[in-house]
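Below is one structure; the comments refer to it alone.
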Amino acid sequence: MPAVLGLIVGLAIAILIFQPVAPQTGGVVINDTAVPPVPTLVSGNVGMGATLYAQHCASCHGPNLEGAANWKQPLADGSLPAPPHDSAGHTWHHTDGLLLNVTLNGGDPAFNSKMPAFREKLNEDEAGAILEFIKSKWGKDEREFQWWITYNNR
Ligand code: HEC
């Protein structure tokens, strides 16, 4: 029965591919590249970040980090609406460096970005605290991936 055989082979491959990797170090391994374990978030920073997020970011990115409605649809002027900062968005695709840079210096005018610069309102520690709060809302996979690219782009 080839269908059953195919299923068994498929399952065997799936089990091979989805082996948990390097649990002994607690590190994160993606694409055969190991990085140290994901750093623990500092609860004081997360708390401060939550307050600052509500004050400065929630109006556009949503009180629950859900982003603007239809955030994937460009607006009439060609700019993009504010994306979610939770796991459903793409914030976790970017390194800490890029996210802090966008927060402090604003989005890229070349893309007609409507993301304002916050360097007059927030210092680096405050921007970092907001980022820690955002990270506290991600799932394990998003957290690990974002840590992995941040570590590899130090
Ligand atoms: C006036 C509305 C507005 C406010 C307020 C705002 N943003 Fe944004 N933000 C945007 C828009 C619109 C984009 C999408 C810009 C683009 O893609 O060109 C964006 C994009 C971003 C991005 C990059 C996109 C990504 O991958 O997630 C980051 C990071 C970000 N914002 C962080 C923040 C933080 C942190 C705050 C609060 C300190 C904040 N934003 C407040 C409108 C806003």
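With the numbering used here, letter number 23 in the sequence shown gets 1151, and the count goes up by one each step, no holes.
Ideal Cβ positions, reconstructed from N, Cα and C, are used throughout, including at glycine.
Asked, Found
"Just the C-alpha distance for Thr1168 and Asn1251, rounded to the nearest angstrom, thanks.", "22 Å"
"Whose C-beta lies closer than 6 Å to the C-beta of Gly1206 among residues of the same chain, with five residues either side of it excluded?", "Asn1240"
"Mind the definition here: the segment 1160-1180 touches the segment 1234-1248 only if three or more C-beta pairs lie below 8 Å; say whether that holds.", "no"
"Val1156 and Val1166: beta carbons closer than 9 Å?", "yes"
"From the DSSP output, in three-state form, read off Ala1178 for me.", "helix"
"Mind checking who Ala1162 pairs with in its DSSP beta bridge?", "Val1157"
"Going residue by residue through the segment 1166-1231, where are the continuous alpha helix (DSSP H) segments of at least 4 residues, counting only ones entirely within it?", "1171-1184, 1186-1189"
"Assuming Lys1265 contacts Asp1214 (C-beta within less than 8 Å), just tell me the rounded distance between them.", "5 Å"
"Roughly how many angstroms separate the alpha carbons of Asn1233 and Trp1220, rounded to a whole number?", "19 Å"
"Go ahead and pull the three-state DSSP assignment for Arg1282.", "coil"
"Following the continuous alpha helix (DSSP H) through Glu1248, name the residue where it begins and the one where it ends.", "Looking at the DSSP string, Glu1248 is not in any alpha helix (DSSP H), and its letter there is neither H nor E."
"Less than 9 Å between the beta carbons of Gly1177 and Leu1228, yes or no?", "no"
"Is Trp1199 closer than 9 Å to Ala1182 when the C-beta atoms are compared?", "no"
"Could you say which of Cys1185, Trp1275, Gly1154, Asn1173 lies nearest to Gly1225 if we only look at CA atoms?", "Trp1275"
"Hey, how far is the Cα of Lys1249 from the Cα of Ala1257?", "14 Å"
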